[in-house]
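A.B. asks: Questions regarding the structure given below will be posed in turn.
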Amino acid sequence: MSKTYFTSDLHFSHKNIAKFCPQFRPFDNVEQMDEFLIRTWNETVTPEDTVYNLGDFSFAQDHKQIERVLSRLNGQHHLIYGNHDHVIRQHADFFRSQTKHDGHPLLSSIRPYLKLKLPEIKNTLVLFHYPIQEWDGCYQGWYHLYGHLHDRVAEIKGRALNVGFDLHGRFLTAQDVDKFLCGLPKISYFGEAGVKANSPEEAAELVFRKLAQLNQV
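Mapping of the sequence shown onto my numbering: position 217 corresponds to residue 215, and the numbering continues sequentially without gaps.
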């Protein structure tokens, strides 16, 4: 039976990522790291499986170098753009049109944002590279999956999860996501006190104060 996986921030061809996030990247050079990531992907994902990758796939500046990696990866591969995916963005038609060894396109889809319903879990997922404080359906309990933060968890309330490889050391299944998030409460629309002011001047003062408090300045 086919499975659905989620990951983010693999950072192929990034020479310094192992220095920043060493816990699941114990390698001396980028070639070893890339081979490890390819092997980990293919030991997990079969040609019948689907992967939703939430961005920052590769630091390579040559789209043919990115193609060489993508061509070796099993399964349907859907990419949500990250801030380091500009080469893929520039050559999006190429990556969607080229077929790899298992018959799937190098990238089955490429987009900045996705709302997704899966048969494996009874919920809707909102996929975006960056963590969002409030997302579509958050008040109904929809799940928000993000990346970007590598081994950190965003300090946001609600059913939101960083699916990054540097946090988990593996690819997450839909069931993994459900297990992390299903017990968390929905966001309450009026759950936090708003700024209450009697004039625009007072509102400005309170906003300045709130921003300073949030940023500890």
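Even glycine gets a Cβ: it sits at the ideal position worked out from N, Cα and C. Since we're looking at a predicted model, the values are computed, not measured.
State yes or no: is the beta carbon of residue 1 nearer than 8 Å to at least one beta carbon in chain C?
C.D. replies: Reference to chain C is not applicable here, since this structure consists of a single protein chain.
A.B. asks: Three or more beta-carbon pairs under 8 Å between the stretch 48 to 63 and the stretch 18 to 27, yes or no?
C.D. replies: As far as the Cβ criterion goes, the stretch 48 to 63 does not touch the stretch 18 to 27, which means the pair count is below three.
A.B. asks: Check residue 263 in the structure and name its three-state DSSP category.
C.D. replies: A question about residue 263 goes unanswered here, because the residues of the chain that appear run from -1 up to 215.
A.B. asks: Where residue 201 and residue 145 are concerned, what is the direct C-alpha to C-alpha distance, given to the nearest angstrom?
C.D. replies: Distance between the alpha carbons of residue 201 and residue 145: 34 Å.
A.B. asks: Skipping 5 residues on each side, what residues in its chain have a beta carbon closer than 7 Å to that of residue 155?
C.D. replies: Contacts found: 185.
A.B. asks: Using the rule of at least 16 other Cβ atoms within 10 Å of the residue's Cβ for burial, across every protein chain shown, is residue 143 buried or exposed?
C.D. replies: Residue 143 comes out buried.
A.B. asks: Hey, would you say residue 147 sits closer than 8 Å to residue 167, going by beta carbons?
C.D. replies: Not in contact: residue 147 and residue 167 (Cβ atoms no closer than 8 Å).
A.B. asks: Starting from the Cα of residue 56, find the closest Cα among 120, 37, 116 and 84 and give me that residue.
C.D. replies: That would be 84, whose Cα lies nearest to the Cα of residue 56.
A.B. asks: Give me whichever residues DSSP pairs with residue 38 in a beta bridge.
C.D. replies: DSSP lists no partner for residue 38.
A.B. asks: Shortest alpha-carbon distance to residue 96 belongs to which of 81, 67, 80 and 115?
C.D. replies: That would be 67, whose Cα lies nearest to the Cα of residue 96.
A.B. asks: Straight-line CA distance for residue 63 to residue 10?
C.D. replies: Distance between the alpha carbons of residue 63 and residue 10 is about 10 Å.
A.B. asks: Nearest CA to the CA of residue 94: which residue from 61, 132 and 177?
C.D. replies: Nearest option by C-alpha distance: 61.
A.B. asks: What would DSSP say about residue 78, mapped onto helix, strand or coil?
C.D. replies: Note: residue 78 maps to strand in three-state DSSP.
A.B. asks: DSSP on residue 277, reduced to helix/strand/coil?
C.D. replies: The question about residue 277 has no answer, for the chain in this structure spans -1 to 215.
A.B. asks: Unbroken beta strand (DSSP E) runs of length 3 or more, entirely within the stretch 127 to 172: which are they?
C.D. replies: Here the runs fully enclosed are 141 to 144 and 158 to 160.
A.B. asks: For residue 3, count the other beta carbons within 10 Å of its own beta carbon; 16 or more makes it buried, fewer makes it exposed. Which is it?
C.D. replies: By the neighbour-count rule (16 or more Cβ atoms within 10 Å), residue 3 is buried.
A.B. asks: Does the contact criterion of 3 or more C-beta pairs under 8 Å hold for the stretch 169 to 176 versus the stretch 117 to 125?
C.D. replies: Enough Cβ pairs lie closer than 8 Å, so yes.
A.B. asks: Per the contact definition of three or more C-beta pairs closer than 8 Å, is the stretch 109 to 117 in contact with the stretch 69 to 86?
C.D. replies: Flag = yes, the stretch 69 to 86 and the stretch 109 to 117 touch.
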